[in-house]
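Encoded as structure tokens, the structure appears first; notes follow it.
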Amino acid sequence: MRCRLLFAGMIEFLLLFALSIPVSGVENLDRGLVALEREDSSVFLSWRLLADDPEDIAFLITRRSSEAGTNQSTLLTKGGPYRLTNFVDKSLEKGAGGKSYIYELYKYSKNRSRRSGWLGEVAITLTGRAKSYISIPLKGDYDFQKVGISDLDGDGAYEFIIKQPNFNSDPYQKPGYWKPSTTT
Numbered sequence: 338m339r340c341r342l343l344f345a346g347m348i349e350f351l352l353l354f355a356l357s358i359p360v361s362g363v364e365n366l367d368r369g370l371v372a373l374e375r376e377d378s379s380v381f382l383s384w385r386l387l388a389d390d391p392e393d394i395a396f397l398i399t400r401r402s403s404e405a406g407t408n409q410s411t412l413l414t415k416g417g418p419y420r421l422t423n424f425v426d427k428s429l430e431k432g433a434g435g436k437s438y439i440y441e442l443y444k445y446s447k448n449r450s451r452r453s454g455w456l457g458e459v460a461i462t463l464t465g466r467a468k469s470y471i472s473i474p475l476k477g478d479y480d481f482q483k484v485g486i487s488d489l490d491g492d493g494a495y496e497f498i499i500k501q502p503n504f505n506s507d508p509y510q511k512p513g514y515w516k517p518s519t520t521t
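So in our numbering, the last spot in the sequence shown is 521, and the numbers never skip.
This is the structure we're talking about:
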């Protein structure tokens with residue numbers, strides 16, 4: 338009896354100890370800067386606010402053309418620090434379809450009104466057809482079944498893992514999930 342109580346006490350202690358250990362599996366993600374074309378020929382930009390960002394963090398956003406020989410950037414967040422995590426660039430000319438731009442995100446510095454720390458960039462080619470999503474074109478006549486999203490290499494950017502073909506392939510049967518037995 339005494340041995341059982343001691344064993345039960347040890348199990349209870351181990352369970353409480355295991356439940357009290359903090360989770361240390363937090364991903365080290367980047368800003369995840371995304372650009373989407375809108376119907377009014379503007380570009381919507383969005384990025385992450387990270388858990389370790391200070392309360393007074395602010396950003397600067399620049400845009401430059403991705404054409405060869407153009408390195409001149411335009412500062413889009415004029416008038417002081419920009420504290421939100423999204424921005425709409427309405428300064429593009431209407432009907433700019435086919436033009437490509439690179440948006441860069443910087444950390445705002447109080448000491449300097451210019452760029453302080455580079456946080457990321459995203460490229461967008463305007464098509465004239467606004468979409469509220471980012472499409473992933475598959476080369477060839479393929480279809481997929483599932484998509485998994487994870488930071489596989491630890492660089493802070495998410496990778497998309499696409500499961501194809503769009504049917505059960507273990508054991509390989511085309512195109513289905515069940516096949517009647519030939520012996521019964």
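From the three backbone atoms N, C-alpha and C, an ideal C-beta is built for every residue, glycine too.
Because the structure is a prediction, the values reported are computed rather than measured.
Below 8 Å between beta carbons: does that hold for lysine 444 and glycine 454?
yes
Shortest alpha-carbon distance to proline 391 belongs to which of Cys340, Ser446 and Gly416?
Ser446
Expected contact under 8 Å - CB spacing of serine 547 and leucine 442 to nearest Å:
Outside the displayed range of the chain (338 to 521) lies residue 547, so it cannot be described from this structure.
Under the DSSP definition of a beta bridge, which residues are partnered with isoleucine 498?
Gly485
Between the alpha carbons of alanine 372 and phenylalanine 381, how many angstroms are there, rounded?
6 Å
Please state whether DSSP places isoleucine 473 in a helix, a strand or coil.
coil
Can you tell me the Cα-Cα spacing of leucine 421 and glutamate 374, whole angstroms?
19 Å
In the DSSP assignment, find the beta strand (DSSP E) that holds alanine 372 and state where it starts and stops.
371-374
Collapsed DSSP secondary structure at arginine 420 in the structure displayed
coil
From alanine 395 to tyrosine 419, what does the alpha carbon distance come to, in whole angstroms?
5 Å
Within 10 angstroms of its Cβ, does phenylalanine 424 collect 16 or more other Cβ (buried), or is it exposed?
buried
When you compare each of Lys500, Leu366 and Val459 to aspartate 389 by their alpha carbons, which one comes out closest?
Leu366
Assuming tyrosine 479 and aspartate 488 are in contact, meaning their beta carbons sit under 8 Å apart, how far apart are those beta carbons, in whole angstroms?
Not really, about 24 Å apart at Cβ, beyond 8 Å.
Give the DSSP bridge partners of proline 380, in chain order.
According to the sequence provided, residue 380 is valine. The question's proline does not apply to it. Valine 380 pairs with Glu374 and Asp426.
Residues of its chain near threonine 411, where Cβ-Cβ distance is below 8 Å and the 5 sequence neighbours each way are ignored
Thr399, Arg400, Arg401 and Ser428
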